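Have a look at the structure below, then the notes.
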Amino acid sequence: REILNEQQRNPLTIQERKKIHNRSNTLKQRQRSYKHEIVQRDIDKRFTIADIKNILRQHSIKFCTINTSVSPATKKKSLYIGIKNKNLLSNYKEQTKQLFTTTHYKQYKHVFRSSNFKDDRRNGYQRRNQTS
71 REILNEQQRN PLTIQERKKI HNRSNTLKQR QRSYKHEIVQ RDIDKRFTIA
121 DIKNILRQHS IKFCTINTSV SPATKKKSLY IGIKNKNLLS NYKEQTKQLF
171 TTTHYKQYKH VFRSSNFKDD RRNGYQRRNQ TS
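In the numbering used here, the protein residues as written are 71 to 202.
Structure, rendered in structure tokens:
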């Protein structure tokens, strides 16, 4: 009877076990990353992840994870910012209230496009593919 039970159970292969292990660990890691998060609804669609990270760094907001999603029903873009330090969460929420709007996008791109900004190393911006 024990032999029948073992045959019916169909043990998983090493690859299948590894896949299940990776999936469960990824979910746990994602859960830790978003344990303390800021959710910004209806942000300007033109902000890229790189733009968002640059803006957060300029405002000295320490984040661990950034993600965006677009609602299929309303077509509005939402931003999810994972924060590690829960003590700074309320402070960061206050700082980000006015960020990522259409008005903010226009201001951000205007400053980013100006030649003075690109030449100013104090802004933390170093132009890539610069030819000497």
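Built from N, CA and C at the ideal position, the CB exists for glycine as well. This structure is a prediction, so every number in the text was calculated from the model and none was measured.
| Item | Value |
| --- | --- |
| Closest Cα partner of residue 103 within the set 180, 113, 140 and 150 | 150 |
| Residues bridged to residue 147 (per DSSP) | 113 and 140 |
| Cβ pair residue 131, residue 162 closer than 9 Å | yes |
| Three-way DSSP call (helix, strand, coil) for residue 108 in this model | strand |
| Cβ distance (whole Å) where residue 135 is taken to contact residue 152 below 8 Å | 3 Å |
| Cβ neighbours of residue 129 in the same chain (closer than 6 Å, five flanking residues each side left out) | 165 |
| Neighbour-count burial assignment, residue 108, 16 or more Cβ in a 10 Å radius | buried |
| Best match in 100, 140, 124 and 106 for proximity to residue 114 [C-alpha to C-alpha] | 140 |
| Among 168, 133 and 176, nearest to residue 158 - alpha-carbon criterion | 133 |
| Pair within 9 Å by beta-carbon distance, residue 116 and residue 148 | no |
| Neighbourhood of residue 119 by C-beta, 6 Å cutoff - its chain only, sequence neighbours within 5 removed | 136 |
| Burial state of residue 169, where buried means 16 or more other Cβ atoms lie within 10 Å | buried |
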